[in-house]
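Those protein sequence lines, which keep their order, are chains A and B.
Each residue of the first sequence is one higher than the one before, counting from 2 in this note's numbering.
Each residue of the second sequence is one higher than the one before, counting from 2 in this note's numbering.
All C-beta atoms in this analysis are idealised placements derived from N, C-alpha and C, irrespective of residue type, glycine included.
The structure appears right after this line, and notes come after that.
There are 2 protein chains.
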Amino acid sequence: MDAIGFETHDHHSCIRDGLEAVAGYCATNRLQFTPVRRRALEILLQQHRAMGAYEILDQLREDGLGSQPPVAYRALDFLISHGFAHKIERVNGFIACTHPGHDHTPVFLICRECDAVAETHAEPSRGMLGKAASETGFTIEQAVVEVLGLCPNCAPVAP
Amino acid sequence: MDAIGFETHDHHSCIRDGLEAVAGYCATNRLQFTPVRRRALEILLQQHRAMGAYEILDQLREDGLGSQPPVAYRALDFLISHGFAHKIERVNGFIACTHPGHDHTPVFLICRECDAVAETHAEPSRGMLGKAASETGFTIEQAVVEVLGLCPNCAPVAP
DNA sequence: TTGATAGTTGTTACTTTATAACATATCAAC
DNA sequence: GTTGATATGTTATAAAGTAACAACTATCAA
């Protein structure tokens, strides 16, 4: 499995690669990867945990990149609408997507101790989700799966 | 599949049965099914759709059962913590549980047109969710699945 | 039946999260 | 360079949720 978030990894390249991937995608798709948007993504990439919009705004403010809520929310809207970030509804927070560019149904594993979030994927059209939907005649457009629990670092050691 | 919400059904018995089931559970478990809690559940049962806390509060107020936000939130907390209702994070709303008493991982099918919500179930320990979790060493405690789309009543007619 | 205790409700005040609306600036293509 | 679309700055406010404390009610043991 390819979830990132709980294992130690080269976090510097993780940030750099994330920014580069999005920059590339924006370039080829004529999207404006402006300073506010870039910085907002960078802030999210620095942590594999859900951050509040106002927390992000605080950091943007320090960089002189906007000081009012709409600035942060607009940057986040941009990132989310193009699949570069996700909202974690459960905690009203946001995280950078670890698989930008791919169309996917994210599954978030949220640690209730340390707030770390790992992202992995599901295939909603298969399995019981798709089955349940087709039996009721429901048309799936978007699915979110949020799992709360303990990450390996916070789980009690095995007996 | 046993999702309720999209098909037409005997809604009166649906409300009555829901109230009775919860009343029974509370009686045997020494929980206080007070007027506010009972009425809050009844309000939720009247609609198979997510309702906002303030919307519920408005109705409670009309009945003289509390007029300040904490009253509604406390009733909802009670209902949720005992599995009689669920929060739909996606829309900051609440619905009555259609399967009270059973321990379960709910899956919500949310219609973006009419706000109807159908509840069905998943078995997180099986399938990819459990696989993903065990591979990362994550301990699942609670999972929520929210699916956005169109219910059969709102979907465009088949060609 | 009284009194202790835990649980519930009423209320005030406040925090956190999010958005509407409009003015100004910048970009991108002709 | 003008124009139309897109992005930002800003004010003000809406919507969602909670902390804290006082007052009331149920429960149960002595």
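- In the three-state scheme derived from DSSP, where H, G and I count as helix and E and B as strand, Q60 (chain A) is classed as helix.
- The beta carbon of P107 (chain B) sits closer than 6 Å to those of H87, E120, all from its chain and outside the five residues before and after it, given in chain order.
- In this chain, the alpha helix (DSSP H) harbouring V37 (chain B) covers 36-46.
- Close partners of V23 (chain B) in chain A (Cβ separation under 9 Å) are lacking, with about 24 Å as the shortest Cβ gap.
- Cβ contact annotation for A28 (chain A) (same chain, cutoff 8 Å, sequence separation greater than five): F34, in chain order.
- Ranked by Cα distance from Y74 (chain A), the first of A:Q47, A:D64, A:F95, A:V146 is A:F95.
- Nearest to P101 (chain B) by alpha-carbon distance, out of B:V118, B:A134, B:R50, B:G19, is B:G19.
- One thing to note: V23 (chain B) has its Cβ within 8 Å of the Cβ of F85 (chain B).
- One thing to note: L58 (chain A) has its Cβ within 8 Å of the Cβ of P70 (chain A).
- Non-local C-beta neighbours of S68 (chain A) in its own chain, meaning closer than 7 Å and more than five positions away in sequence, comprise R62, ordered along the chain.
- Secondary structure at R91 (chain B): helix, using DSSP grouped into helix, strand and coil.
- A residue is called buried when at least 16 other Cβ atoms come within 10 angstroms of its Cβ; H13 (chain B) does not meet this threshold and is exposed.
- C115 (chain A) sits exposed, since fewer than 16 C-beta atoms from the chains shown fall within 10 Å of its C-beta.
- In the three-state DSSP reduction, G131 (chain B) falls in the helix class (H, G or I).
- Under the three-state reduction of DSSP output, E114 (chain A) falls in the coil class, being neither helix nor strand.
- Here H49 (chain A) is buried: its Cβ has 16 or more other Cβ atoms, across all protein chains shown, within 10 Å.
- Against chain A, the CB of T137 (chain B) has a partner CB under 8 Å away; the residue lies at that interface.
- At a cut-off of 8 Å, the C-beta of R91 (chain A) has a neighbouring C-beta in chain B.
- G53 (chain A) is classed as exposed because its beta carbon has fewer than 16 other beta carbons within 10 Å across all chains shown.
- E147, V148, L149, G150, L151, C152, P153, A156: these are the residues of the region 147-158 of chain B whose beta carbon lies less than 7 Å from some beta carbon of chain A, given in chain order.
- Interface annotation, I141 (chain A): in contact with chain B, CB-CB separation under 8 Å.
- A straight line joining the alpha-carbon of V145 (chain A) with that of E90 (chain A) spans about 9 Å.
- L77 (chain B) is outside the set of residues whose beta carbon lies under 8 Å from a beta carbon in chain A.
- A22 (chain A): member of the alpha helix (DSSP H) spanning 12-29, first to last residue.
- Taking the C-beta atoms as reference points, E142 (chain A) is found nearer than 8 Å to G150 (chain B).
- Looking only at B:V37, B:A134, B:V118, B:A123, the smallest Cα-Cα distance to N154 (chain B) is reached by B:V118.
- CA-CA distance, A41 (chain B) to D64 (chain B), rounds to 11 Å.
- What F7 (chain B) touches in chain A, judged by beta-carbon distance under 9 Å, is T137, G138, F139, going in chain order.
- Residues of chain B whose Cβ lies closer than 9 Å to the Cβ of V145 (chain A) are, in chain order, E90, R91, V145, V146, E147, V148, L149.
- Per DSSP, reduced to three states, the secondary structure at T121 (chain B) is strand.
- Under the three-state reduction of DSSP, T99 (chain B) is assigned to coil, being neither helix nor strand.
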